[in-house]
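In terms of UniProt numbering, the sequence shown opens at residue 1 and continues consecutively.
All C-beta atoms in this analysis are idealised placements derived from N, C-alpha and C, irrespective of residue type, glycine included.
None of the values given here were measured: they were computed from a predicted structure.
Please read the structure below before turning to the comments.
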Amino acid sequence: MPAGTRRAEQLHATREAILDAAERLFAEQSLEVSARKVSETAGQGNNTAVTYHFGSKEGLVKAVIERHSADIEERRRAMIDRADGSDDLRDWLACLVRPLTDHLAALGNHTWYARFREQTATDPAYRAVLTRESREAAALQRTVREIDRCFPPLPPEVRAERGAMMRLLLVHMPAQRERQLAEGEPTASADWDGAANRLIDAIVAICHAPAASDV
Numbered sequence: 001m002p003a004g005t006r007r008a009e010q011l012h013a014t015r016e017a018i019l020d021a022a023e024r025l026f027a028e029q030s031l032e033v034s035a036r037k038v039s040e041t042a043g044q045g046n047n048t049a050v051t052y053h054f055g056s057k058e059g060l061v062k063a064v065i066e067r068h069s070a071d072i073e074e075r076r077r078a079m080i081d082r083a084d085g086s087d088d089l090r091d092w093l094a095c096l097v098r099p100l101t102d103h104l105a106a107l108g109n110h111t112w113y114a115r116f117r118e119q120t121a122t123d124p125a126y127r128a129v130l131t132r133e134s135r136e137a138a139a140l141q142r143t144v145r146e147i148d149r150c151f152p153p154l155p156p157e158v159r160a161e162r163g164a165m166m167r168l169l170l171v172h173m174p175a176q177r178e179r180q181l182a183e184g185e186p187t188a189s190a191d192w193d194g195a196a197n198r199l200i201d202a203i204v205a206i207c208h209a210p211a212a213s214d215v
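Set out below in structure tokens:
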């Protein structure tokens, strides 16, 4: 094997080990875990390995997101093709929820990405990284527009609040389920498909609930 090829493979393996360590540590602890700790967990004697491969901790967070986003977006594009032309809000909410849950199911029983997303979404220092990635995801943005088109008629302030509730569920419920699976809770089924259905049910109910002034 040429030396250049061998070097490239070593660099790739090191990068993947750092990404694995970062995703797990950030998910199980917090984004306050130091770059030094990530390097040590990845088996790197050089404590500057994160800086060398990713430039900064923000660059590392972005790389973890990018490692998952391609598959999630591809799943979402396929769902959009099937939902195209639908006026049913549930169809478009499925395009929002299922690409993530299907991705987590495909990863197997031991995952950390849902909890990593939760940590990123709730950390003021890194939330913008996740937001930027979302804005650059064309299929996700199409889904959001279709949900907005199919949303029930509600007063603007009520609609904004329902949207905030929806985003909270999308971030925290997959993370909670992943946490339960990791901790071996007996009530936590490994069926992500059923969990996705229940999450979509809950969001549909929130969106269609009458405003207090209408009750």
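DSSP-derived helix/strand/coil call for residue i
i: VAL33; result: coil
i: ALA128; result: helix
i: ALA106; result: helix
i: LEU154; result: coil
i: ALA137; result: coil
i: GLN10; result: helix
i: GLN44; result: coil
i: THR111; result: coil
i: ASP123; result: coil
i: ALA211; result: coil
The alpha helix (DSSP H) enclosing residue i, as first and last residue numbers
i: ASN197; result: 192-208
i: SER69; result: 57-83
i: ASP87; result: No alpha helix (DSSP H) contains ASP87, which DSSP labels as neither H nor E.
i: GLU185; result: That residue, GLU185, is in no alpha helix (DSSP H); it is neither H nor E in DSSP.
Length of the line joining the Cα atoms of residue i and residue j
i: ASP102; j: MET79; result: 11 Å
i: VAL61; j: PHE26; result: 9 Å
i: residue 217; j: GLU16; result: In the structure as shown, the chain begins at 1 and stops at 215. Residue 217 is therefore absent and cannot be evaluated.
i: PRO124; j: ARG132; result: 14 Å
i: ARG167; j: ARG7; result: 43 Å
i: LEU89; j: ILE147; result: 6 Å
i: GLY45; j: ARG82; result: 49 Å
i: ARG142; j: MET165; result: 20 Å
i: LEU93; j: LEU11; result: 40 Å
i: ALA211; j: GLY108; result: 40 Å
i: ASP191; j: ALA105; result: 8 Å
i: SER134; j: GLU9; result: 30 Å
i: THR51; j: SER34; result: 12 Å
i: GLU32; j: ALA139; result: 31 Å
i: ALA128; j: ALA121; result: 8 Å
i: ASP193; j: ALA209; result: 24 Å
i: HIS172; j: GLY163; result: 14 Å
i: ASP87; j: GLU161; result: 22 Å
i: ARG24; j: ARG149; result: 37 Å
i: ALA21; j: GLY85; result: 42 Å
Whole-number beta carbon distance between residue j and residue i, since they are thought to touch under 8 Å
i: CYS207; j: PHE151; result: 6 Å
i: ARG117; j: LEU130; result: 7 Å
i: HIS53; j: TYR113; result: The pair is not a contact, with the Cβ atoms about 19 Å apart (cut-off 8 Å).
i: GLN119; j: SER30; result: 6 Å
i: GLU58; j: TYR126; result: 7 Å
i: LEU19; j: ALA49; result: So it is not a contact: roughly 11 Å between Cβ atoms.
i: CYS202; j: LEU181; result: The residue asked about is misnamed: residue 202 is Ala in this sequence, not Cys. ALA202 to LEU181, Cβ: 19 Å. No contact.
Counting pairs of Cβ atoms below 8 Å between the stretch 35-47 and the stretch 67-84, do you hit three or more?
Contact fails: fewer than three Cβ-Cβ distances are below 8 Å.
- Given 8 Å, three or more beta-carbon pairs between the stretch 191-204 and the stretch 143-161: no
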